[in-house]
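What follows is a single structure, written as structure tokens, with notes after it.
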Amino acid sequence: MSEKRKANRAPLDIYLNKYMGGVPYMTRAADISQEGVSLSRLIEPQHDARRVGLQFQLPGSEEIIYAEGEVVREWKELGRKEQSGVRFTLLTERHRKMIDAYVDRHTEGN
């Protein structure tokens with residue numbers, strides 16, 4: 001698959017809450033862009049949920065970001081946990097600007 005991403009992605013190694021059916025499950029982020037985030041499944045059950053809620057803090061910030069998203073891609077790499085790509089569907093302007101600034105700081109020169 002030779003799909004080009006539209007947005008720069010910045011590394012993001014944090015744990016966050018992923019809400020499915022109103023229940024939070026811990027997951028781990030791999031990277032983030034202005035459009036979404038890549039996640040690794042840790043302790044969540046098998047599910048078909050496409051719409052999820054996210055709650056996380058960017059490194060160096062004490063503010064909690066709340067977002068809603070849609071699972072747009074799932075995959076499993078050899079020897080690694082299942083992963084998914086979540087596209088943001090609902091995000092406050094303030095939180096979007098925080099994510100934009102984080103991505104810009106971590107992708108300059110790339």
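Under the UniProt record's numbering, the first residue of the sequence shown carries the number 1, and numbering increases by one thereafter.
Don't be surprised by glycine CBs; every beta carbon is placed ideally from N, CA and C.
None of the values given here were measured: they were computed from a predicted structure.
Backbone secondary structure at residue i - three-state DSSP
{"i": "Ile-99", "result": "helix"}
{"i": "Met-1", "result": "Below a pLDDT of 50, predicted positions are generally treated as unreliable, and Met-1, at 35, falls in that range; the measurement from the model is reported next regardless. Met-1 falls in the coil class under three-state DSSP."}
{"i": "Glu-68", "result": "strand"}
{"i": "Thr-92", "result": "coil"}
{"i": "Arg-105", "result": "helix"}
{"i": "Gly-53", "result": "strand"}
{"i": "Leu-16", "result": "strand"}
Supposed contact pair residue j and residue i - C-beta distance, whole angstroms, cut 8 angstroms
{"i": "Tyr-102", "j": "Leu-54", "result": "The Cβ separation is near 15 angstroms, so there is no contact."}
{"i": "Asp-31", "j": "Leu-16", "result": "Actually they do not touch by this definition, with Cβ atoms about 13 angstroms apart."}
{"i": "Met-26", "j": "Leu-42", "result": "5 angstroms"}
{"i": "Arg-87", "j": "Glu-70", "result": "5 angstroms"}
{"i": "Lys-18", "j": "Val-52", "result": "5 angstroms"}
{"i": "Gln-34", "j": "Asp-100", "result": "5 angstroms"}
According to DSSP, residues forming a beta bridge with residue i
{"i": "Ser-84", "result": "Leu-39, Glu-74"}
{"i": "Ile-32", "result": "Ala-10, Val-37"}
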